[in-house]
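Reviewing the structure listed below.
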Amino acid sequence: MIGAIEAGGTKFVCAVGNPDGTILDRTAFPTTTPEETLAKVEEFFSKHKIEKLGVGAFGPINLRAGSDNYGAIENTPKIPWRYYPLMEELEKRFNVPVAINTDVVVASMGEYEYGIGKDVSSCLYITVGTGIGAGLVQDGKPFQGKNHSEMGHVLLKKHPEDTFEGACPSHGTCLEGLAAGPAIEARYGRKGADLADQDHVWEIEAYYLAQAIMDYFVILSPEKIILGGGVMKQEKLYPMIREKFMELLNGYIEVENVDELIVAPGLNDEQGVKGCIALAVKQ
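Here my numbering runs 1303 ahead of the position in the sequence shown, where the first position is 1.
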């Protein structure tokens, strides 16, 4: 039995499952302080005998293997969790091997192993929600350089009708600063869910996402690009993004079927916990 923890900045999801991705039990609770949150984690796993534990955590986290604080949360805006040694604490509490990566990388792992990416050799998962992040899996392994990718902070060309200055405190008009959920709310004074019938809102959103996806596509050449997260609940975005992506690509690289290249997740919001299982199994 494999344990899974989707350690989000807003909530923790804990689950147990089999190596084939079958979820046997799960729970969720708000993310509070490390002490309170991990006490609830322990309570859940006390009912299950696990052999391994996979974790997908909000970031930034230290994934530099061999460093002193490997597996620790780094300079997060969630002050109680700043520099918290998450992996070390979990190893102490459960005495099992712990595999850890970012929440978006484990979502990519879940879709690659068990979901819509299981028939390709590479897939890029992009989450568009409170923040924007992306993770690439190639031949069953997540891509990582010195540390994990921060693809939500690529710089973009502004839409000609967009006067918004951007919501990212570090970069202003990066992808996250222009297209994440808080950017939409800051630009229009209303949450995206309340703007569903405003086509101009989603035309601008699709422009930014398509622009970033084209950048990722020409650099990484993934076989499948999966778009998830709360903002993507606006399903009208998918055809708009595909159309703008093809316009921006402008025939430079042949795309046989853009509907099969840029897709929605296939695991019904379970890609995170299932990806944690995949991460633990592979380690």
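Even for Gly, the Cβ is constructed at its ideal location relative to N, Cα and C.
Do residue j and residue i have their beta-carbon atoms positioned less than 7 Å apart in this structure?
i, j, result
"ASP1320", "ILE1308", "Note that residue 1320 is Gly in the sequence shown here, rather than Asp. No. Outside cutoff."
"GLY1492", "GLY1480", "no"
"SER1473", "GLY1438", "no"
"GLY1310", "ALA1342", "For the record, residue 1310 in the displayed sequence is Ala; it is not Gly. Contact flag unset, no."
"ILE1487", "ALA1513", "no"
"ALA1499", "GLY1434", "no"
"VAL1558", "LEU1564", "yes"
"ASN1450", "ARG1329", "no"
"VAL1401", "THR1430", "no"
"LYS1355", "ALA1581", "no"
"LYS1577", "GLY1420", "no"
"ASN1365", "ASN1372", "yes"
Out of the options, which has the shortest C-alpha to C-alpha gap to residue i?
i, options, result
"LEU1389", "ASN1398, ARG1396, ILE1376", "ILE1376"
"GLY1362", "ASN1404, GLN1501, CYS1471", "ASN1404"
"THR1340", "TYR1555, GLU1392, ALA1368", "GLU1392"
"LEU1540", "LEU1366, GLU1508, GLY1374", "GLU1508"
"TYR1519", "TYR1428, THR1335, GLY1369", "TYR1428"
"GLU1526", "ASN1560, LYS1461, PRO1322", "ASN1560"
"ALA1515", "ASP1502, LYS1421, HIS1462", "HIS1462"
"TYR1511", "PHE1548, LEU1498, GLY1369", "PHE1548"
"LEU1380", "GLY1312, LEU1327, MET1517", "Going by the sequence as given, residue 1380 is Pro instead of Leu. Per the Cα distances, GLY1312."
"CYS1317", "LYS1444, ALA1482, GLY1575", "GLY1575"
"LYS1352", "GLU1464, ARG1396, GLY1432, GLU1573", "ARG1396"
"PRO1333", "ASP1323, LEU1327, VAL1344, ASN1378", "VAL1344"
"TRP1505", "PHE1467, MET1535, LYS1421", "MET1535"
"CYS1471", "ASP1465, GLU1464, ALA1489", "ALA1489"
"LEU1537", "VAL1440, ILE1522, ASP1497", "This sequence places Gln at residue 1537; Leu is not what is there. Per the Cα distances, ASP1497."
Assign residue i to one of two classes, buried (16 or more other C-beta atoms within 10 Å of its C-beta) or exposed (fewer than that).
i, result
"LYS1314", "exposed"
"LYS1350", "exposed"
"GLU1346", "exposed"
"ASN1398", "exposed"
"SER1424", "exposed"
"GLU1573", "buried"
Which whole-angstrom value is the C-beta distance of residue i and residue j, which I expect to be below 8 Å?
i, j, result
"HIS1456", "CYS1426", "Incorrect: roughly 21 Å between the Cβ atoms, too far for contact."
"CYS1579", "GLY1357", "3 Å"
"GLY1443", "LYS1585", "7 Å"
Please determine if the segment 1379-1395 and the segment 1413-1425 are in contact, where contact requires at least 3 C-beta pairs separated by less than 8 Å. no
Meets three-Cβ-pair contact criterion under 8 Å: the segment 1559-1568 and the segment 1523-1541: yes
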